[in-house]
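Asker: Dropping a structure here in structure tokens format, bear with me for questions.
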Amino acid sequence: MADTKKLFIKTYGCQMNVYDSERMAEAMGGAGYETTDKPDEADMILLNTCHIREKAAEKVYSELGRLKSFKKDNPDLKIGVAGCVAQAEGEEIMRRQPSVDLVVGPQAYHRLPEMEEKTRKGKKALDTDFPEEDKFEKLKRRPKAKRAPAAFLTVQEGCDKFCAFCVVPYTRGAEVSRPVERIITEARDLVERGVREITMLGQNVNAYHGEGPNGKVWTLADLIWELDKVDGLERIRFTTSHPNDMQDDLIDAHAECKKLMPYLHLPVQSGSDKILKRMNRSHTAESYIRLIERIRKGRPDLLLSGDFIVGFPEESEEDFQATLDLVKEVKYGQAYSFKYSSRPGTPAAERPLVDQDAADERLQRLQALLSKQQKEVQDSMVGREVSVLFEKTGRFEDQMVGKSDYLHAVHVAGSGAEIGDIRKVKIVESGTNSLKGVAV
Ligand code: 5AD
Ligand code: SF4
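With the sequence shown counted from 1, adding 189 to any position gets you this note's numbering.
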């Protein structure tokens with residue numbers, strides 16, 4: 190057998206990229222590569238990139254500038270760019286950074302081995318097509334390697350919502366749902382390899398409308414109930430969702446499906462109806478709050494997570510205040526907040542920016558409020574019994590670290606639990622970013 194070559198992948202951005210990086214590593218496994226965590230010993234370096242905000246994209250170029258020097262020590266090193274920057278900028282990347290050998294968009298990962306071969310012949314390889322075929326079907330798996338107990342599984346890609354600030358509909362294309370059968374086959378395979386929790390991924394995962402085995406169109410809730418039947422799979426999650434796609438069957442699943450975890454990431458972006466309208470979100474602050482109330486009615490302990498943008502064009506202090514009011518009303522257990530970043534090609538990019546000092550200051554105020562809420566929600570776990578899926582060993586002897594149903598990190602000492610075990614744990618202490626518990 191030829192020498193195994195080494196592949197280093199650096200992943201930026203969302204969980205979808207984490208999943209894609211794993212699939213790319215597996216595909217390259219078939220082409221004689223094994224992964225390494227040391228870029229200096231790699232034969233190929235792949236950056237799996239994110240284009241969502243300007244900062245994220247710029248980071249990629251500065252990293253490419255740094256990596257260039259690795260080629261001096263290893264002239265055979267190939268450098269590739271995958272992900273959303275690859276899709277959005279294509280050839281431009283090679284122009285800006287000639288050390289890049291390969292640019293591959295998110296829909297063309299199954300072609301990576303052929304592209305690598307091309308680069309070995311000294312050519313540049315570029316593929317940012319949106320082919321018809323299911324790339325995951327084509328991404329051949331390695332023999333059944335054991336997996337960590339929590340895994341991602343992409344069920345849907347792309348977005349048809351066209352929020353005025355967002356590049357996703359352009360970089361990831363239109364909404365496409367994978368057929369049910371393939372998803373269930375992949376889920377069973379993951380479970381055979383030790384997985385006990387699956388997070389279904391999609392840019393707009395609750396808009397899932399995949400082909401079911403009976404030729405019918407299945408919803409995300411249908412898929413959840415099908416996964417519920419998979420023996421050995423204990424926990425189901427999904428991310429990320431749009432409020433307008435929270436249909437009744439999905440709300441009911443939150444109330445009724447025991448394996449569906451009490452955690453929901455449901456971005457609202459702003460609490461001002463004026464701004465929501467300008468963002469093309471097609472929901473109001475009020476309709477969002479009513480929706481949360483309905484979901485919580487069936488699942489009162491639901492932990493809510495959200496995304497927020499401050500400083501969107503035309504956002505006034507009053508609009509921002511409405512966002513703070515909404516946050517206070519909803520109470521988030523987890524949140525991600527960003528200053529608006531103008532993305533070329535999106536509708537909002539044409540509009541004048543708000544005063545940037547005001548935007549920075551709003552972001553600070555919002556983050557202070559959200560941090561306070563998150564800490565309060567975390568602290569409220571003390572004294573409660575939660576279930577914990579153990580994912581790794583802790584820093585101290587005998588200590589294990591896992592995630593609660595609510596996705597809090599929990600440290601437990603002396604439980605005798607092993608990686609992959611799910612145990613009932615009583616929470617005894619709330620730290621800065623994690624909880625401490627004892628097995629019951
Ligand atoms: N500027 C700032 N934040 C953005 N997001 C998406 N596009 C932008 C942008 N142009 C945020 C949204 C989204 C999350 C993934 O990233 O809050 O929900
Ligand atoms: Fe972007 Fe909006 Fe689609 Fe989310 S719903 S991916 S924010 S366009």
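The C-beta atom is built at its ideal place from N, Cα and C for all residues, glycine as well. As the structure is a computational prediction, the values presented were derived from the model and not from experiment.
1. Give the DSSP-derived three-state secondary structure of residue 190 in the structure shown.
2. Inspect the CB distances between the stretch 229-240 and the stretch 194-206 and report whether three or more fall short of 8 Å.
3. Taking the C-alpha atoms as reference points, what is the distance between residue 581 and residue 285?
4. Determine the closest residue to residue 439 out of 509, 412, 206, 558, with distance taken between C-alpha atoms.
5. For residue 427, which residues in the same chain have their Cβ closer than 6 Å to its Cβ, ignoring the five residues on either side in sequence?
6. My output table needs one value for residue 448: the three-state DSSP class, helix, strand or coil.
7. Any chance you could list the residues with Cβ under 6 Å from a heavy atom of ligand 2, keeping chain order?
8. Looking at the structure shown, is residue 362 part of a helix, part of a strand, or coil, going by DSSP?
9. Could you tell me which of 377, 391, 338 sits nearest to residue 609, measuring between CA atoms?
10. Would you say the beta carbon of residue 458 comes nearer than 7 Å to a heavy atom of ligand 1?
11. Confirm, please, whether the CB-CB distance from residue 423 to residue 386 is below 8 Å.
12. Decide if residue 563 is buried, meaning its Cβ has at least 16 other Cβ atoms within 10 Å, or exposed.
13. Within a Cβ cutoff of 8 Å, which residues of the same chain sit near residue 622, ignoring the five residues on either side of it in sequence?
14. Helix or strand or just coil, what does DSSP make of residue 626?
15. Please report the distance separating the alpha-carbon of residue 318 from that of residue 526.
16. Mind checking residue 614: buried by the 16 CB within 10 Å criterion, or exposed?
17. Is it buried or exposed for residue 290, if we count other Cβ within 10 angstroms and need 16 for buried?
18. Can you grab the Cα-Cα spacing for the pair residue 477 / residue 457, in whole Å?
19. The alpha helix (DSSP H) that contains residue 308, what's its start and end?
20. Could you tell me if residue 630 is buried or exposed, where buried requires 16 or more neighbouring beta carbons within 10 angstroms of its beta carbon?
21. Closest to residue 455 by C-alpha separation, out of 261, 514, 480, would be which residue?
22. Cβ atoms of residue 535 and residue 348: under 8 Å apart, would you say?
23. Using the C-alpha atoms, what's the distance from residue 246 back to residue 532?
24. Would you kindly report the start and end of the unbroken alpha helix (DSSP H) that includes residue 527?
25. Tell me, to the nearest whole angstrom, how far the beta carbon of residue 521 is from that of residue 341; I am working on the premise that it is less than 8 Å.
26. Go through its chain and collect everything with a Cβ distance to residue 288's Cβ below 8 Å, but skip five positions before and after it.
27. Give, in chain order, every unbroken run of the alpha helix (DSSP H) that is at least 4 residues long and sits entirely within the stretch 360-428.
28. Could you give the distance in angstroms between the alpha-carbon of residue 190 and the alpha-carbon of residue 236?
29. Contact check, residue 300 vs residue 323 under 8 Å by CB: the rounded distance?
30. Measuring from the CB of residue 498, is there a heavy atom of ligand 1 at a distance below 7 Å?
31. Pull up the distance between the alpha-carbon of residue 401 and that of residue 262, whole angstroms please.
32. For residue 590 versus residue 616, is the C-beta spacing smaller than 8 Å?
33. Below 8 Å between beta carbons: does that hold for residue 666 and residue 491?
34. For residue 638, is the classification buried or exposed, using 16 other Cβ atoms within 10 angstroms of its Cβ as the cut-off for buried?
35. Look up residue 579 in the DSSP assignment and say whether it is helix, strand or coil.
36. Taking the C-alpha atoms as reference points, what is the distance between residue 320 and residue 468?
Answerer: On the basis of the data shown:
1. Counting from one through the sequence shown, the residue named residue 190 turns up at place 1. Annotation note: pLDDT 46 at residue 190 (below 50); position unreliable, coordinate value reported separately. Coil.
2. yes
3. Taking the sequence shown and counting its residues from 1, one reaches residue 581 at position 392. Taking the sequence shown and counting its residues from 1, one reaches residue 285 at position 96. Rounded to the nearest angstrom, the two C-alpha atoms are 41 Å apart.
4. Reading the sequence shown from its first residue, position 250 is the one you call residue 439. With distances taken between Cα atoms, residue 439 lies closest to 412.
5. Mapped onto the sequence shown, residue 427 falls at position 238. 389, 394.
6. For the purposes of this step, residue 448 is identified with residue 259 of the sequence shown, where counting begins at 1. Residue state, collapsed to three classes: coil.
7. 348, 350, 351, 352, 355, 357, 358, 392, 393, 431
8. Here residue 362 refers to the residue found at position 173 when the sequence shown is read from its first residue. In this structure, residue 362 counts as coil in the three-state DSSP scheme.
9. Here the question's residue 609 lines up with position 420 in the sequence shown. It is 338 whose Cα lies nearest to the Cα of residue 609.
10. Position 269 of the sequence shown, counting from 1, holds the residue named residue 458. Residue 458: yes, Cβ under 7 Å from ligand 1.
11. Along the sequence shown, one-based indexing puts residue 386 at 197. Along the sequence shown, one-based indexing puts residue 423 at 234. It is a contact, given that the beta carbons lie within the stated cut-off.
12. Here the question's residue 563 lines up with position 374 in the sequence shown. Buried, by the Cβ-count rule.
13. The residue labelled residue 622 in the question sits at position 433 within the sequence shown. The residues are 598.
14. As a first step, residue 626 is located in the sequence shown; it is residue number 437 there, counting from the start. It is a strand residue.
15. In the sequence shown, counting from the first residue as 1, residue 318 sits at position 129. In the sequence shown, counting from the first residue as 1, residue 526 sits at position 337. Their backbone Cα atoms lie some 32 Å apart in a straight line.
16. Here residue 614 refers to the residue found at position 425 when the sequence shown is read from its first residue. Looking at its Cβ environment, which holds 16 or more other Cβ atoms inside 10 Å, residue 614 is buried.
17. Reading the sequence shown from its first residue, position 101 is the one you call residue 290. Buried, because 16 or more other Cβ atoms sit within 10 Å of the Cβ of residue 290.
18. Within the sequence shown, the letter at position 288 stands for residue 477. Within the sequence shown, the letter at position 268 stands for residue 457. Cα to Cα, residue 477 sits roughly 7 Å from residue 457.
19. If you number the sequence shown from 1, residue 308 lands on position 119. That run of the alpha helix (DSSP H) goes 301-309.
20. Residue 630 is absent from the model: the chain starts at 190 and stops at 629.
21. Within the sequence shown, numbered from 1, the residue matching residue 455 stands at position 266. Checked all of 261, 514, 480; the closest Cα to residue 455 is 480.
22. Working through the sequence shown from its first residue, we reach residue 348 at position 159. Working through the sequence shown from its first residue, we reach residue 535 at position 346. No, the pair does not count as a contact, with Cβ atoms beyond the cut-off.
23. Translated into the one-based positions of the sequence shown, residue 532 becomes position 343. Translated into the one-based positions of the sequence shown, residue 246 becomes position 57. Distance between the alpha carbons of residue 532 and residue 246: 10 Å.
24. If you number the sequence shown from 1, residue 527 lands on position 338. Unbroken run through residue 527 is the beta strand (DSSP E), 523-528; no alpha helix (DSSP H).
25. Within the sequence shown, the letter at position 332 stands for residue 521. Within the sequence shown, the letter at position 152 stands for residue 341. About 22 Å separates the two Cβ atoms, so there is no contact after all.
26. In the sequence shown, residue 288 corresponds to position 99, counting from 1. Within the same chain, residue 288 has close Cβ partners 253, 256, 257, 260, 268.
27. 369-381, 409-417
28. Counting from 1 along the sequence shown, the entry for residue 190 is found at position 1. Counting from 1 along the sequence shown, the entry for residue 236 is found at position 47. Because the pLDDT at residue 190 is just 46, under 50, the model does not fix this residue reliably, and the point stays unresolved.
29. Position 111 of the sequence shown, counting from 1, holds the residue named residue 300. Position 134 of the sequence shown, counting from 1, holds the residue named residue 323. Going by Cβ atoms, the distance from residue 300 to residue 323 rounds to 13 Å, so no, they are not a contact pair.
30. Numbered from its first residue, the sequence shown carries residue 498 at position 309. Yes, since a heavy atom of ligand 1 falls inside the 7 Å radius drawn around the Cβ of residue 498.
31. As a working mapping, residue 401 is identified with position 212 in the sequence shown. As a working mapping, residue 262 is identified with position 73 in the sequence shown. Roughly 52 Å separates the two Cα atoms.
32. As a position in the sequence shown, residue 590 is number 401, starting the count at 1. As a position in the sequence shown, residue 616 is number 427, starting the count at 1. No, Cβ-Cβ distance for residue 590 and residue 616 is not below 8 Å.
33. Outside the displayed span of the chain (190 to 629) sits residue 666, for which this structure offers no information.
34. An answer regarding residue 638 cannot be provided, because it is not within the stretch 190 to 629 covered by the chain.
35. Taking the first residue of the sequence shown as 1, we reach residue 579 at position 390. Three-state DSSP puts residue 579 in a strand.
36. Stepping through the sequence shown from its first residue, residue 320 is reached at position 131. Stepping through the sequence shown from its first residue, residue 468 is reached at position 279. Rounded to whole angstroms, residue 320 to residue 468 spans 30 Å at the Cα level.
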